[in-house]
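>
In this note's numbering, the protein residues as written are 121 to 279.
(1) So residue 231 and residue 251 are supposed to be a Cβ contact under 8 Å. How far apart are they, rounded?
(2) Can you tell me whether DSSP reads residue 213 as helix, strand or coil?
(3) Do you know how far the Cα of residue 259 is from the Cα of residue 190?
(4) Near residue 160, what residues of its chain come up, given a Cβ to Cβ distance below 7 Å and the 5 sequence neighbours on each side ignored?
(5) Residue 262 lies in the alpha helix (DSSP H); which residues open and close that run?
(6) Find out if the Cβ-Cβ distance for the pair residue 254, residue 224 is shorter than 8 Å.
(7) On the criterion of 16 or more Cβ atoms from any shown chain inside 10 Å, does residue 262 qualify as buried, or is it exposed?
(8) Under DSSP, the alpha helix (DSSP H) around residue 198 begins and ends at which residues?
(9) Could you give the DSSP three-state label for residue 276: helix, strand or coil?
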């Protein structure tokens, strides 16, 4: 309909730049973005839960590490549907989140390395715990004053 409106008003597609044409053809509606966010986030949560269930099987640590890591990656990338991949990357490298992002991504990689290359199950479990903590700390950076509240709560409990 929009294309018909442009042709009838005298604006042809060749008048638009290539970048504008690509962005117009790849943009998703808000409803579609929310649906894919929900699907990607739910699949990430399901993978993490499945990985946790598989942990209790004999030699299930490999499956746990893989499914838990894939679940966290899927949950993290689900936000790309809401804000777009470039905006997501810009927010990830924001100075407020940079350390949490680096630790989180490093834990993703180290978890898989510990399972597949180093064959150290205990180390993989430690990296999964660090992965959880880093992902939680990264997620808290999106909630105003949440990190400060957690720090104050922990310092009051310890000291």
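Glycine residues also receive a C-beta, built at the ideal position from the N, C-alpha and C atoms.
So, to answer that:
(1) 6 Å
(2) coil
(3) 17 Å
(4) Result list for residue 160: 194, 197, 198, 201, in chain order.
(5) Careful: residue 262 lies outside any alpha helix (DSSP H) and carries neither H nor E.
(6) yes
(7) exposed
(8) 181-203
(9) helix
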